[in-house]
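Below is one structure, written out as structure tokens, with a few remarks after it.
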Amino acid sequence: MGGFVMGSHEEFEVVITSDRTMMSNHHGKEFIGFMTTGPAIGMPEKLWMWIAAPKLKVDELGRPVEAPYGLRKVEAVLQEAGFRAAIIDPDHLHKHLDTMKVLLVGHHDFFAYGPPSCEWWFMTGKEPVNRISFRRFMNSPAVREARRRGVRIIMGGPAAWQWLWAIDEWRRWGVDCVIDGEAELVLPDVVEAALRGEPLPDYIYVGRSDVPSVKEIPTIKGASVNGLVEIMRGCPRGCRFCSVTLRPLRFMPLDHILKEVEVNVRAGIKNTILHSEDVLLYHADGVKPRPEPLIRLHEEVLKVTPSISWAHASLAAVKYAEEKHRLISKLMNDLILTRQDYLGVEVGIETGSPRLAKIIMPAKSLPYPPEQWPDVVEDAFRIMHENHIVPAATLILGLPEERPEDVVATAELLDRLKPYRSLIVPMFFVPMGALKNRDWFRKHGLREEHVDVLVQCLRHSMRWVGDMVDWYIAGASLTPVRAGIKLFLSFVRRNVDRVRPALEEMIASAK
Amino acid sequence: MRAGSLVRHLLELERESKEFVLVVCRNIEGEDAKSLAMEILQRSLREGKRRALIHVISPLGRPGYLEAVRGIIQENISLSLSLRYAGSSARELMDLLESLDNPDIIVVGSLEELEDAPHLRS
Numbered sequence: 075m076g077g078f079v080m081g082s083h084e085e086f087e088v089v090i091t092s093d094r095t096m097m098s099n100h101h102g103k104e105f106i107g108f109m110t111t112g113p114a115i116g117m118p119e120k121l122w123m124w125i126a127a128p129k130l131k132v133d134e135l136g137r138p139v140e141a142p143y144g145l146r147k148v149e150a151v152l153q154e155a156g157f158r159a160a161i162i163d164p165d166h167l168h169k170h171l172d173t174m175k176v177l178l179v180g181h182h183d184f185f186a187y188g189p190p191s192c193e194w195w196f197m198t199g200k201e202p203v204n205r206i207s208f209r210r211f212m213n214s215p216a217v218r219e220a221r222r223r224g225v226r227i228i229m230g231g232p233a234a235w236q237w238l239w240a241i242d243e244w245r246r247w248g249v250d251c252v253i254d255g256e257a258e259l260v261l262p263d264v265v266e267a268a269l270r271g272e273p274l275p276d277y278i279y280v281g282r283s284d285v286p287s288v289k290e291i292p293t294i295k296g297a298s299v300n301g302l303v304e305i306m307r308g309c310p311r312g313c314r315f316c317s318v319t320l321r322p323l324r325f326m327p328l329d330h331i332l333k334e335v336e337v338n339v340r341a342g343i344k345n346t347i348l349h350s351e352d353v354l355l356y357h358a359d360g361v362k363p364r365p366e367p368l369i370r371l372h373e374e375v376l377k378v379t380p381s382i383s384w385a386h387a388s389l390a391a392v393k394y395a396e397e398k399h400r401l402i403s404k405l406m407n408d409l410i411l412t413r414q415d416y417l418g419v420e421v422g423i424e425t426g427s428p429r430l431a432k433i434i435m436p437a438k439s440l441p442y443p444p445e446q447w448p449d450v451v452e453d454a455f456r457i458m459h460e461n462h463i464v465p466a467a468t469l470i471l472g473l474p475e476e477r478p479e480d481v482v483a484t485a486e487l488l489d490r491l492k493p494y495r496s497l498i499v500p501m502f503f504v505p506m507g508a509l510k511n512r513d514w515f516r517k518h519g520l521r522e523e524h525v526d527v528l529v530q531c532l533r534h535s536m537r538w539v540g541d542m543v544d545w546y547i548a549g550a551s552l553t554p555v556r557a558g559i560k561l562f563l564s565f566v567r568r569n570v571d572r573v574r575p576a577l578e579e580m581i582a583s584a585k
Numbered sequence: 106m107r108a109g110s111l112v113r114h115l116l117e118l119e120r121e122s123k124e125f126v127l128v129v130c131r132n133i134e135g136e137d138a139k140s141l142a143m144e145i146l147q148r149s150l151r152e153g154k155r156r157a158l159i160h161v162i163s164p165l166g167r168p169g170y171l172e173a174v175r176g177i178i179q180e181n182i183s184l185s186l187s188l189r190y191a192g193s194s195a196r197e198l199m200d201l202l203e204s205l206d207n208p209d210i211i212v213v214g215s216l217e218e219l220e221d222a223p224h225l226r227s
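These protein sequences, in sequence, are chains A and B.
Start counting the first sequence at 75; every next residue gets the next number (this note's numbering).
Start counting the second sequence at 106; every next residue gets the next number (this note's numbering).
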């Protein structure tokens, strides 16, 4: 048994879903999805949710046209194993209560304990909408009825670890099992046991020896949100703050990638997001990008899809690729900019301090030495700016090894980055033990030297996002979304001057 | 549920695992969590196993015990782990030990804290 059977009389014993902040295409604009990590600011929550996480189109059974990529993998694994499994929109779960025996729920940030959600929560004192939405989902009539009927509830996804910090919710919502890690090889067995009514482990962590090989990873059977497709798993850089680097490095074959792109295109998705922790390391020589596989990848994908974006790239790879091979300008001028006006990507600055970089991410700058990290960052930003690549960059503040002079170095780097079109989002390191301590940030997390950096990031991003919003959210159909975002931006601009005194007051009150 | 019935329903992931019985009567934090995680890793690797199946006996109940052992889970990055709650009493501990094939036993806290602990002395 196997394969995906379309029909209007499908009965699903295994239902895969998530809450609205996950089950959304964010109006086709991936960056808007980041608004789901924040609280509703400057507008009512309903309006914020409409902008950040509108509902998906679904069929009569509640199956969405596009769904989160991770859930699509789960669906594919279970369908290929012969289970009657499907992703169902959270508003349509009630249609499947009579047949559902197992409910699988995946999420990127169940409880807003991940960055940047927890930091917006700390700084504003307001719950981020992803947390509110997930709670609403778990308390919904359909999920409560499923529980009452004895449906086995299994949680998973990149935020599975958060359940260890949400024991009250675990108990209250009757979760049967939590799976942390790449679950492709484990899940069919767990679901089989669940369907047989057998006791399940409470917690499963999938270690390196049990992750799937490339051959064991199925292709998605339904479209992914905004056309995201995985081109590789793992990352060789070994940064201390990153869990992805713990996974073995695997490159998806080109035909596997193209099959998934075609699934998305057939569903009417007009963009492809190449997902990797570092797109430029696809079939790289260690940490040195190689032109041939990247050019071939982009050529072949662009034969099938109208436009393309990158999930993540490393700044060192951007600099090396351009300096050694003129690869960035080649990809952009010869291929990408013939179809679109810009390319969006997430990048990691993390720190402007070579001292701190050597401690927390010694391989992030390779093949350049960590001492050159600030130059690597600026050069990469310049290359991206010149080639119409718009980065959304992260910084990490408050690491245990951080000293005040490290933060000063970061502030100096931010000054150098002013001329380059980008968003820069600061994130705070929050120790696990502090996740539920709402006072921790005020008393221990935020320090005086952080205030300059936070204000710089805000001013930098406000300056550039004003420049970007009209072309990023272009089109008549997106006029209301554009207006909503501009409403939010005008609220932030009116209040930018209050941010520094508010942060300083927070620090002073903690003394 | 009798501990023996838990053992019959192992997942594929659990079949080639190093089995442990972890008796947890208090939170395991900081350096204790690190050393226990290392202990579990080393004992597993010594037997050529890259997986650990941990049966937990704890008066903290389910899922409360997970709060106590999360430090061990989060210190582990190498092994595949499976954690199953097996009860809160001394009798359940004895039943579990009888049904398993010579597992490693780790006790955190005092066995006196288990329900019907005096049973252990008999």
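No residue lacks a Cβ here, since even glycine has one placed at the ideal position from N, Cα and C.
Being a predicted model, the structure only gives us computed values, none of them experimental.
1) Mind listing the chain B neighbours of A:E374? Cutoff is C-beta to C-beta under 8 angstroms, in chain order.
2) Which residues bound the alpha helix (DSSP H) around A:R477?
3) Check whether chain A comes within 9 angstroms of B:V133, counting only Cβ atoms and requiring the distance to be less than that.
4) Secondary structure at B:E220, three-state DSSP: helix, strand or coil?
5) Identify the continuous alpha helix (DSSP H) that holds A:S207 and give its terminal residues.
6) Within 10 Å of its beta-carbon, does A:G255 have 16 or more other beta-carbons around it, so buried, or fewer, so exposed?
7) Determine the extent of the beta strand (DSSP E) in which A:I347 is found, giving its start and end residues.
8) Between A:P142 and A:Y394, what straight-line distance do the alpha-carbon atoms span, to the nearest angstrom?
9) List the endpoints of the continuous alpha helix (DSSP H) containing A:P367.
10) Count the CB pairs spanning the segment 159-179 of chain A and the segment 216-234 of chain A that are closer than 8 angstroms, and state whether there are at least three.
11) Could you give the distance in angstroms between the alpha-carbon of A:E334 and the alpha-carbon of A:A582?
12) Considering just the uninterrupted stretch of the alpha helix (DSSP H) at A:Y546, what are its terminal residues?
13) Using beta carbons (cut-off 9 angstroms, strictly below), is B:G169 in contact with chain A?
14) Please work out which residues of its chain come closer than 7 angstroms, Cβ to Cβ, to A:E396, disregarding the five sequence neighbours upstream and downstream, and give them in chain order.
15) Is B:L49 close to chain A, meaning its C-beta is less than 9 angstroms from at least one C-beta of that chain?
16) According to DSSP, simplified to helix, strand and coil, what is A:K362?
17) Which first and last residues belong to the alpha helix (DSSP H) in which B:G176 is found?
18) Span of the beta strand (DSSP E) holding A:I463?
19) Rounded to a whole number of angstroms, what is the C-alpha to C-alpha distance between A:E84 and A:E460?
20) List, in order along the chain, the chain A residues whose C-beta lies closer than 9 angstroms to that of B:N207?
21) Does A:D55 pass the burial test, meaning 16 or more other C-beta atoms within 10 Å, or should it be called exposed?
22) May I ask you to verify whether the segment 197-215 of chain B touches the segment 112-132 of chain B, counting CB pairs closer than 8 angstroms and requiring at least 3?
23) If we ignore side chains and look at the alpha-carbon of each, how far apart do A:G248 and A:L238 end up?
24) Measure the alpha-carbon distance for A:A483 versus A:G426 and round it to whole angstroms.
25) Report the rounded CA-to-CA distance for A:V88 versus A:A257, giving the unit in angstroms.
26) Just the Cα atoms here: how many angstroms apart are A:S381 and A:E290?
27) Contact defined as beta carbons within less than 8 angstroms: I believe B:G169 pairs with A:I278. What is the distance between those atoms, to the nearest angstrom?
28) Do A:H357 and A:A385 have their CB atoms nearer than 9 angstroms?
29) Mind reading off the beta-carbon distance from A:V225 to A:L261? Whole number of angstroms is fine, and I expect it under 8 angstroms.
30) Using a Cβ cut-off of 9 angstroms (strictly closer), state whether B:S110 contacts chain A.
31) Tell me the rounded alpha-carbon separation between A:D489 and A:V288.
32) So which residues of chain B does A:D284 contact, with C-beta pairs closer than 9 angstroms?
33) Go through the segment 384-467 of chain A residue by residue and report every complete run of the beta strand (DSSP E) that reaches 3 residues or more, in order.
34) Given 8 angstroms as the limit, tell me if A:P138 has its C-beta closer than that to any heavy atom belonging to the ligand HEM.
35) If you measure from the beta carbon of B:E124 to each beta carbon in chain A, is any gap under 9 angstroms?
36) Specify, as a first and last residue, the run of the beta strand (DSSP E) that A:V132 falls within.
Looking at the coordinates:
1) Result: empty, since nearest Cβ-Cβ is about 35 angstroms, beyond 8 angstroms.
2) Segment: none, A:R477 is in no alpha helix (DSSP H) and carries neither H nor E.
3) Residue identity differs from the one stated: residue 133 of chain B is Ile in this sequence, not Val. Taking Cβ atoms only, chain A never reaches closer than 9 angstroms to B:I133, which makes this a no.
4) strand
5) 203-212
6) Buried, since its Cβ has 16 or more Cβ neighbours within 10 Å.
7) 346-349
8) 32 angstroms
9) 365-378
10) yes
11) Straight-line measurement puts the Cα of A:A582 at about 53 angstroms from the Cα of A:E334.
12) 522-546
13) Yes - at least one Cβ of chain A is within 9 angstroms of the one on B:G169.
14) I402, S403, I457
15) Shown here, chain B extends from 106 to 227; a query on residue 49 of chain B therefore has no answer.
16) strand
17) Counting along the chain, the alpha helix (DSSP H) containing B:G176 begins and ends at 169-180.
18) 463-471
19) 51 angstroms
20) Residues of chain A with a Cβ closer than 9 angstroms to the Cβ of B:N207 do not exist, since the nearest Cβ in that chain sits about 21 angstroms away.
21) Residue 55 of chain A falls outside the range modelled here, since chain A spans only 75 to 585, and no answer is possible.
22) yes
23) 14 angstroms
24) 5 angstroms
25) 16 angstroms
26) A:S381 and A:E290 have their C-alpha atoms some 29 angstroms from each other.
27) Actually they do not touch by this definition, with Cβ atoms about 19 angstroms apart.
28) No. Outside cutoff.
29) With 8 angstroms as the limit, A:V225 and A:L261 do not qualify as a contact, their Cβ atoms being about 16 angstroms apart.
30) Caution applies to B:S110, whose pLDDT of 46 falls short of 50 and renders its modelled position unreliable; the value that the coordinates give is listed next. Closer than 9 angstroms to some Cβ of chain A, the Cβ of B:S110 qualifies, so yes.
31) 43 angstroms
32) L118, R155, R156, S185
33) 417-424
34) Looking for the ligand HEM in the displayed structure turns up nothing, as the structure carries no ligands at all.
35) By this cut-off, B:E124 is not an interface position.
36) Element bounds for A:V132: n/a, residue is neither H nor E.
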